[in-house]
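Visitor:
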Amino acid sequence: MRRILVTGGAGFIGSNFCRYLMRTYTDIEVVNLDALTYAGNPSNLDGMTGPYQFIHGNICDAGTVRRALMGVHAVVHFAAESHVDRSIQSTAEFVHTNVEGTRVLLESACAVGIDKFVHVSTDEVYGSLGEQGVFRETSPIEPNSPYSASKAASDLLARAYFKTYGLPVCITRSSNNYGPYQHPEKLIPKLITYAIEGRKLPIYGDGTNVRDWMHVLDHCRAIDCVLQRGTPGEIYNVGASNEQSNVDIAKQILACLGLDESLIEYVPDRPGHDWRYAIDASKIMQELGWRPRVDFHRGLAETVEWYVQHGLVG
22 MRRILVTGGA GFIGSNFCRY LMRTYTDIEV VNLDALTYAG NPSNLDGMTG PYQFIHGNIC
82 DAGTVRRALM GVHAVVHFAA ESHVDRSIQS TAEFVHTNVE GTRVLLESAC AVGIDKFVHV
142 STDEVYGSLG EQGVFRETSP IEPNSPYSAS KAASDLLARA YFKTYGLPVC ITRSSNNYGP
202 YQHPEKLIPK LITYAIEGRK LPIYGDGTNV RDWMHVLDHC RAIDCVLQRG TPGEIYNVGA
262 SNEQSNVDIA KQILACLGLD ESLIEYVPDR PGHDWRYAID ASKIMQELGW RPRVDFHRGL
322 AETVEWYVQH GLVG
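Under our numbering, the first residue of the sequence shown is numbered 22, with each subsequent residue one higher.
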């Protein structure tokens with residue numbers, strides 16, 4: 022039985038990935054290492070059955086990481102501080118967790134020897150696009166927020182551990198995710214929960230900032246493809262070619278709930294707000310055979326219904 026260490030497995034994408042692995046495989050044991058910060062919710066993993074172990078600990082603690090890695094064949098590294106607004110207010114936690122924590126994990130993985138290390142990153146490391154163009158794996162790294170800068174630094178460390186020490190690292194960079202179990206500080210669950218409560222939906226600036234939205238289960242499938250078949254040393258962009266502006270997202274959520282667009286409220290833009298992200302995912306499609314499966318409108322409607330049924334998370 023293969024033993025997979027998932028860091029940050031009580032968070033949004035990590036918990037969905039743990040559930041995905043347990044549903045998909047009978048020969049994998051999942052070890053979930055999570056510090057349970059505000060964004061890590063143990064209830065995200067309620068009902069997990071099968072070969073599963075939870076370890077409460079921080080990736081910056083080398084002793085805890087070494088213990089978690091005992092008998093592990095592969096690592097999927099989600100654990101990170103990830104909210105841009107919080108990174109603007111206070112950078113220290115982001116640098117400590119995202120850079121130092123990743124270094125500790127990489128060093129420990131080298132020491133014990135593992136078959137694959139998947140470092141899960143973000144398209145935000147590429148910076149911002151204008152009206153044209155897409156991010157490719159060869160695009161320059163030009164982060165614009167403390168969060169994305171810390172993730173870019175962790176990406177470079179991961180690459181260095183492959184080049185210098187031969188650690189079998191793959192890096193994934195995904196577009197924006199949505200779906201169940203996401204913390205309500207993020208755009209889609211925030212807008213859904215505000216709408217359910219009858220509150221104004223705050224939209225930065227004029228609402229025209231564009232993101233490529235992908236359902237979290239499509240992302241989980243992509244990470245699994247990279248875990249199983251990805252070439253060490255390679256970067257794989259993951260996106261659904263589904264560009265939506267923030268204000269259009271708000272309008273669609275209100276439509277799902279049968280509410281009026283007068284609930285939309287434009288608020289002052291945040292500093293350094295990237296205008297547009299768009300991913301070219303042709304590499305992972307051609308080399309690993311991955312394709313997004315979840316239609317956005319169906320996925321968004323199902324996500325709205327999930328929050329109606331479950332309320333706030335986190």
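Ideal placement from N, C-alpha and C gives every residue a C-beta, glycine not left out.
Following the continuous beta strand (DSSP E) through V141, name the residue where it begins and the one where it ends.
Guide: Walking along the sequence shown from the start, residue 141 turns up at place 120. V141 -> beta strand (DSSP E) spans 137 to 143.
Visitor: On the DSSP letters alone, give me the boundaries of the alpha helix (DSSP H) that D239 sits inside.
Guide: Position 218 of the sequence shown, counting from 1, holds the residue named residue 239. Segment 237 to 250, the alpha helix (DSSP H) holding D239.
Visitor: Taking the continuous beta strand (DSSP E) assigned at E152, which residues delimit it?
Guide: Taking the sequence shown and counting its residues from 1, the one referred to as residue 152 is at position 131. First-last for E152: undefined, no H or E at that position.
Visitor: Inspect the beta-carbon positions of A216 and L284 and report whether they are closer than 8 Å.
Guide: Along the sequence shown, one-based indexing puts residue 216 at 195. Along the sequence shown, one-based indexing puts residue 284 at 263. Contact flag set, yes.
Visitor: Within 10 angstroms of its Cβ, does S108 collect 16 or more other Cβ (buried), or is it exposed?
Guide: Position 87 of the sequence shown, counting from 1, holds the residue named residue 108. Burial call: buried.
Visitor: P289: buried (16+ other C-beta within 10 angstroms of its C-beta) or exposed?
Guide: Indexing the sequence shown from 1 puts residue 289 at position 268. It counts as exposed.
Visitor: By the 10 Å Cβ neighbour count, where 16 or more other Cβ atoms means buried, how is W234 classified, buried or exposed?
Guide: On the sequence shown, residue 234 is found 213 positions in, with the first residue counted as 1. Buried, because 16 or more other Cβ atoms sit within 10 Å of the Cβ of W234.
Visitor: Assuming G148 contacts N165 (C-beta within less than 8 Å), just tell me the rounded distance between them.
Guide: The sequence position of residue 148 within the sequence shown is 127, counting from 1. The sequence position of residue 165 within the sequence shown is 144, counting from 1. Yes, G148 and N165 are in contact; Cβ-Cβ is about 5 Å, under 8 Å.
Visitor: From G335 to Q74, what does the alpha carbon distance come to, in whole angstroms?
Guide: By one-based count along the sequence shown, residue 335 stands at place 314. By one-based count along the sequence shown, residue 74 stands at place 53. Below a pLDDT of 50, predicted positions are generally treated as unreliable, and G335, at 44, falls in that range; the measurement from the model is reported next regardless. Rounded to whole angstroms, G335 to Q74 spans 21 Å at the Cα level.
Visitor: Are Y298 and R232 touching if we call contact CB-CB under 8 Å?
Guide: The residue labelled residue 298 in the question sits at position 277 within the sequence shown. The residue labelled residue 232 in the question sits at position 211 within the sequence shown. Yes, the pair counts as a contact, with Cβ atoms nearer than the cut-off.
Visitor: Report the start-end ranges of each alpha helix (DSSP H) in the stretch 259 to 309 that is 4 residues or longer and not cut off at the edges.
Guide: Runs of the alpha helix (DSSP H) inside the stretch 259 to 309: 267 to 278, 303 to 309.
Visitor: Alpha carbon to alpha carbon, how far is M69 from F183? Give it in angstroms, no decimals.
Guide: Mapped onto the sequence shown, residue 183 falls at position 162. Mapped onto the sequence shown, residue 69 falls at position 48. If I take the Cα positions, the gap works out to 33 Å.
Visitor: Check this for me: beta carbons of S142 and T193, under 8 Å apart or not?
Guide: For the purposes of this step, residue 142 is taken as residue 121 along the sequence shown, with counting starting at 1. For the purposes of this step, residue 193 is taken as residue 172 along the sequence shown, with counting starting at 1. The answer is yes: Cβ separation under 8 Å.
Visitor: Quick check on DSSP: helix, strand or coil for D110?
Guide: Stepping through the sequence shown from its first residue, residue 110 is reached at position 89. In the sequence on display, residue 110 carries Gln and not Asp. Helix.
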